[in-house]
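Participant: Numbering (the UniProt record's numbering), first residue to last: 1 to 273.
Beta carbons: idealized from backbone N, C-alpha and C, even for Gly.
Got a structure for you, written out below as structure tokens; questions coming shortly.
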Amino acid sequence: MQRIIDSHFHIWDPSVQPLSWLDGTDGSITRRYDMDCLKRAYASYNEQHPDAAVNFIGGVYVEVDTDDTSLEDRLLSENHDPLLLATSMRSTVGPAMRVPLYAHGIREPLHTPASPRGRCLQDDFIRGLQLMADKNMPFDACVRVDELDDLAQACEQVPEATVIVDHMGNISDLHNLESSSDALHRLGELPNVYVKVSGYPTDDLRFVSTLLDLAQAAFSNKRLLYASNWPVVGLYADFDSHLSILLNRFAGDDDFFFNNARNAYHIVERKIS
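Right, here's the structure in full:
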């Protein structure tokens, strides 16, 4: 049975947390999600696919672009679920950034309307990324697909930084796959850059196959991470089809499904049974 660390999931409660971005969605994920919901998603997958059942070890919580990050910091500090293996919390990257002491990594959303174009090339961002590298703290990079070149430039300036590219750089179709190929290869040449294989629609299997070909060509198999993007995956694909495709593609690859997330986020062995 394949062991899995899910390197990218979210939990939230809209009745408690301000999440204004949900107003722009179709409403299907505007409800409370907790760790038990995530466990049920994997349990349901196993029930529906008994011949390809997985052993869900736990995962990495990634910040949810809330309007109240202090509340998010507190809620996660109080969450002691054993399957919550690591957290990538919200901060504004720079020399004076504030970081929750329990955080394994940091994400500043670079793909939202609030983030100025070229943000990751600003001097304060580069200095903050350098300080994160000095502290051996990974940065989750979620960028607009047409700013992958900017991200590559930033990472090339701080090659010692551990940077984890979220959602395959937000490549969503064959057109932006072709235009982003060079940037992904540049990122893949840097030894401390990882990429999460998530965030893309799964209805066009030709596109998915081409995208996964690109991921494997650009990145070492030690720097590809399985990620679900649950529950946001429900807005553009579905959890089961995403997992099934990757189980078929990366069958038996413990690095992809388990080890790489542990290494990228420095998940200590005692956390994993």
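What distance in whole Å lies between the Cβ atoms of D124 and P95, which are believed to be in contact at a cut-off of 8 Å?
Facilitator: Indeed they touch by this definition, with Cβ atoms about 7 Å apart.
Participant: Taking DSSP as the reference, what is the three-state secondary structure of T87?
Facilitator: Look at T87 here: in three-state DSSP terms it is strand.
Participant: Buried or exposed for Y42, going by 16 or more other Cβ atoms inside 10 Å?
Facilitator: buried
Participant: If I follow the unbroken alpha helix (DSSP H) through H266, where does it start and stop?
Facilitator: Careful: H266 lies outside any alpha helix (DSSP H) and carries neither H nor E.
Participant: Determine, using beta-carbon pairs with one atom in the stretch 116–123 and one in the stretch 72–91, whether at least three such pairs fall under 8 Å.
Facilitator: no
Participant: How about K196 and I164: do their beta carbons lie closer than 8 Å?
Facilitator: The Cβ-Cβ distance between K196 and I164 falls below 8 Å.
Participant: Can you tell which of Y226, L131, V208 and L177 has the C-alpha that lies nearest to the C-alpha of R144?
Facilitator: L177
Participant: Taking contact to mean at least 3 C-beta pairs separated by less than 8 Å, is the stretch 231–241 in contact with the stretch 209–223?
Facilitator: Taking a cut-off of 8 Å on C-beta distances, the stretch 231–241 does not touch the stretch 209–223, as fewer than three cross pairs fall below it.
Participant: In chain order, which beta strand (DSSP E) runs of at least 3 residues are fully inside the stretch 111–165?
Facilitator: Those beta strand (DSSP E) runs which fall completely within the stretch 111–165 and span 3+ residues are 139–141 and 163–165.
Participant: Could you round the C-beta distance between A152 and R186 to whole angstroms and report it? I think they count as a contact, below 8 Å.
Facilitator: Confirmed, about 4 Å.
Participant: When you compare the CB positions of V60 and Y265, do they come within less than 8 Å of one another, or not?
Facilitator: yes
Participant: Can you list, in chain order, the residues of its chain with a C-beta nearer than 7 Å to that of R98? Leave out the 5 residues immediately preceding and following it.
Facilitator: S91
Participant: Does DSSP classify P191 as helix, strand or coil?
Facilitator: coil
Participant: Which whole-angstrom value describes the C-beta separation of Y226 and I11, a residue pair presumed to lie in contact below a C-beta threshold of 8 Å?
Facilitator: Between I11 and Y226 the Cβ distance is about 18 Å, and since that is not below 8 Å, they are no contact.
Participant: What separation, rounded to the nearest whole angstrom, lies between the Cα atoms of G199 and E189?
Facilitator: 22 Å
Participant: Can you grab the Cα-Cα spacing for the pair R270 / A161, in whole Å?
Facilitator: Here R270 scores only 44 on pLDDT, less than 50, and its place in the model should not be relied on; the value that follows carries that caveat. So the alpha carbons of these two residues sit roughly 25 Å apart.
Participant: Provide the residue(s) that pair with R3 in DSSP beta bridges, ordered along the chain.
Facilitator: N55
Participant: By Cβ distance, which residues of its chain are closer than 8 Å to A237, with the 5 residues on each side in sequence left out?
Facilitator: Y200, P201, T202 and D203
Participant: Identify every residue that forms a DSSP beta bridge with G105.
Facilitator: S88
Participant: What residue from L247, M137, R127 and I126 has the CA that sits closest to Y102's CA?
Facilitator: M137
Participant: Short of 6 Å in beta carbon distance, which residues of its chain neighbour D166, apart from the five on each side in sequence? Order them along the chain.
Facilitator: D140, C142 and K196
Participant: Check for me: the beta strand (DSSP E) holding L225 runs from which residue to which?
Facilitator: L224 to Y226
Participant: In three-state DSSP terms, what is H10?
Facilitator: H10: coil per DSSP, three-state reduction.
Participant: Would you kindly work out how many angstroms separate the C-alpha atoms of L246 and P113, rounded to a whole number?
Facilitator: 31 Å
Participant: Check whether the Cβ atoms of M89 and L76 lie closer than 8 Å to each other.
Facilitator: Yes, the Cβ-Cβ distance between M89 and L76 is below 8 Å.
Participant: Can you round the beta-carbon distance between E72 and V93 to whole angstroms, since I take them to be within the 8 Å contact cut?
Facilitator: Contact doesn't hold; Cβ gap of about 17 Å is too wide.
Participant: Do R40 and S15 come within 8 Å of each other at the CB atom, strictly closer than that value?
Facilitator: For S15 and R40, no; Cβs fall outside 8 Å.
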